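S.K.: Numbering (the working numbering), first residue to last: 1 to 151. For each residue, glycine too, the CB sits at the ideal point set by N, CA and C. In this text the structure is predicted, and so the values were computed from the model without any measurement. I'd like to ask you about the structure that follows.
This is the structure we're talking about:
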């Protein structure tokens, strides 16, 4: 019998989770809604909050990375839009002006994914784009404004 079970396991189609980074803009009246809870509970979609600007009775903004089955992600996005939450795909990335950068390393201390680091021999700033989640914490930290985003 183990052979049948092994065969079933091999033929079972496993849906790989998909990641989507989106910006959510909430109207004032939807600011109290537990959106990330509803995404997890009703759609089985995990929401990793990258950046948040939320205050009572004000328009709120969240940059989130959604993780889940593609169909569930699409259903979750449709639900958010039905709740008058503006959903836009985040396509921007961090840009470093090499001519302006003084390689002080301040940005490396605030980077949560270690996408920014100083080369151990040259002490020059190294940016690993694939590790960057565009949280933008490095932008206000740079004393010479060498870091920006192309959002």
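1) Nearest to residue 95 by CA position, among 39, 115, 28, is which residue?
2) Count the other CB atoms within 10 Å of the CB of residue 106; is the residue buried (16 or more) or exposed (fewer)?
3) State the Cα-Cα distance for the pair residue 93 and residue 61, rounded to the nearest angstrom.
4) Let me know the beta strand (DSSP E) ranges lying completely inside the stretch 45 to 125, each 3 residues or longer, listed in chain order.
5) Going by alpha carbons, who is nearest to residue 20 out of 70, 32, 81?
6) What separation, rounded to the nearest whole angstrom, lies between the Cα atoms of residue 59 and residue 122?
7) Report all residues from its chain with a CB closer than 6 Å to the CB of residue 88; omit the five preceding and five following residues, and keep chain order.
M.R.: By the coordinates alone:
1) Taking the first residue of the chain shown as 1, we reach residue 95 at position 95. Taking only the C-alpha atoms, the option nearest residue 95 is 115.
2) For this step, residue 106 is matched to residue 106 along the chain shown. When all chains shown are included, residue 106 counts as exposed.
3) As a first step, residue 93 is located in the chain shown; it is residue number 93 there, counting from the start. As a first step, residue 61 is located in the chain shown; it is residue number 61 there, counting from the start. Each residue's alpha carbon lies about 18 Å from the other.
4) Counting whole runs of 3 or more residues, the stretch 45 to 125 contains the beta strand (DSSP E) stretches 46 to 53, 60 to 68, 86 to 89, 94 to 96, 116 to 118.
5) To locate residue 20, count along the chain shown from 1; it is residue 20. Looking at the Cα atoms, 70 is the closest of the given residues.
6) Counted from its first residue, the chain shown places residue 59 at position 59. Counted from its first residue, the chain shown places residue 122 at position 122. Cα to Cα, the separation comes out at about 45 Å.
7) What you label residue 88 is simply residue 88 of the chain shown in a count that begins at 1. Within the same chain, residue 88 has close Cβ partners 23.
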